[in-house]
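Presented below is the structure to which this report refers.
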Amino acid sequence: MRLNVQTDYALRLLMHLAVNPDRLITIREAADRFSVSKTHLMKLANAMSHEGFIQAVRGRSGGLRLARPAGEIRVGDVVRRMENDFAVVECFQAGRGECLITPACRLKGVLNRAVEAFLAELDACTLEDLVRANEPLRLMLA
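Quick note on numbering: the sequence shown equals residues 1 to 142 in the UniProt record's numbering.
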């Protein structure tokens with residue numbers, strides 16, 4: 001399983017904001033820091049704002065900040081909202097034809113449990129867990 005680029009950038013942006021809780025981070029600063037398109041990051045920030053993860057402050061001295069404390073943002077919640085599907089194989093996809101072996105296949109159950117375990121592990125981790133006492137990260141993003 002692989003997370004999409006949007007999820008990757010969302011998690012990076014959230015860590016950047018969590019490391020800098022006392023100041024606003026501009027789109028330009030975050031885009032430059034991660035070598036990401038400013039336009040792409042603006043779209044992502046808008047989506048994350050709608051999902052309630054970040055707050056955008058408009059204006060000349062505006063920027064982004066976390067919408068709630070880092071300890072209240074679960075990595076699993078971010079991944080679920082940023083990923084558009086967890087169909088690791090064709091038979092997980094809605095509207096797809098049945099595979100020949102579907103009636104006897106045990107793989108779908110195994111893969112489903114694996115995805116559930118993956119998400120459970122992410123649910124056990126908060127944004128604060130990723131940044132707390134992480135001095136190397138703080139030095140890179142402060």
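We put the CB at the ideal spot given by N, CA and C, even for glycine.
Cβ-Cβ distances below 7 Å link C91 to C99, T102, K108 in the same chain, with the five nearest sequence neighbours on each side left out; the list follows chain order.
Shown here, T7 sits in a helix according to DSSP, grouped into three states.
Look at L137 here: in three-state DSSP terms it is helix.
In this structure the stretch 121–138 touches the stretch 59–79; the number of beta carbon pairs closer than 8 Å is three or more. DSSP lists V57 as the beta-bridge partner residues of G63.
Bridge partners of T126 according to DSSP: R74.
With a beta-carbon spacing of about 26 Å, G62 and T126 fall beyond the 8 Å limit used to define contacts. Counting the other CB atoms within 10 Å of its CB gives M48 a total of 16 or more, which places it among the buried residues. Taking 7 Å as the cut-off, the Cβ atoms of I25 and H16 count as close. When C-alpha distances from M1 are compared across R68, A114, A142, the shortest belongs to A114.
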